[in-house]
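Counting the sequence shown from 1 gives a position; the working numbering is that position plus 13.
Inspection log for the structure reproduced underneath, given as structure tokens.
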Amino acid sequence: AVVSTQSTGVQVVDYRSKIAEFVRKSKAACATLLLNTSNIKFAGHGCKLHPSARLDQPQEYSERFEVLFHAGKEAQPDPVDKKSIVFLYNNVVSKCFPPYLYDNLRKRTYFLCLLDENVFLSLTYYSERAERTTEICRFLEDFRTNLNFSKL
Numbered sequence: 014a015v016v017s018t019q020s021t022g023v024q025v026v027d028y029r030s031k032i033a034e035f036v037r038k039s040k041a042a043c044a045t046l047l048l049n050t051s052n053i054k055f056a057g058h059g060c061k062l063h064p065s066a067r068l069d070q071p072q073e074y075s076e077r078f079e080v081l082f083h084a085g086k087e088a089q090p091d092p093v094d095k096k097s098i099v100f101l102y103n104n105v106v107s108k109c110f111p112p113y114l115y116d117n118l119r120k121r122t123y124f125l126c127l128l129d130e131n132v133f134l135s136l137t138y139y140s141e142r143a144e145r146t147t148e149i150c151r152f153l154e155d156f157r158t159n160l161n162f163s164k165l
């Protein structure tokens, strides 16, 4: 979804709508944009910290990942899904696994797209999907490419 401003002629991309539209079209359960806060000082959206401020890290590792955006039927991602996504993120970053995981017990498929060292997009499906599903891989690659070339 491209939103164009008439006065400047600059095209602005509405990434939220783009993600939500793809979730609906591809029958994904949800898409979640996450921020790994374990390496940065983060107190919440819109908070400014004093340079000498001390923050207590959350006890559970998956709680160190802040949801920036979530598109799906539920308002927030399922906590068990979030743990699976964080597990996959750690393995993808350390180059142990490809950015794909199928959970045999829960019958769910997770796709991951690293946008930055600490920011990533996850797509969750409540069914088995092939690792190389063309429409999903193309969307994730296009999304990453478009995001890298736009001014945020």
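Every residue, glycine too, gets a C-beta built ideally from N, C-alpha and C.
- Burial is judged here by how many other beta carbons sit within 10 angstroms of a residue's own beta carbon; VAL99 has at least 16 and is buried.
- As a beta-bridge residue in DSSP terms, PHE124 pairs with TYR113 and LEU136.
- Nearest to GLU144 by alpha-carbon distance, out of LEU160, TYR123, ASP155 and PHE78, is TYR123.
- In terms of CA proximity to GLU141, LYS40 leads the group GLN24, LYS40 and ASN131.
- Residue pairing from DSSP places LEU48 in a beta bridge opposite GLU79 and VAL132.
- One Cα belongs to SER135, the other to ASP27, and the distance between them is close to 18 Å.
- GLN24: member of the beta strand (DSSP E) spanning 24-26, first to last residue.
- Contact between the segment 113-130 and the segment 83-90 is absent, with fewer than three C-beta pairs closer than 8 Å.
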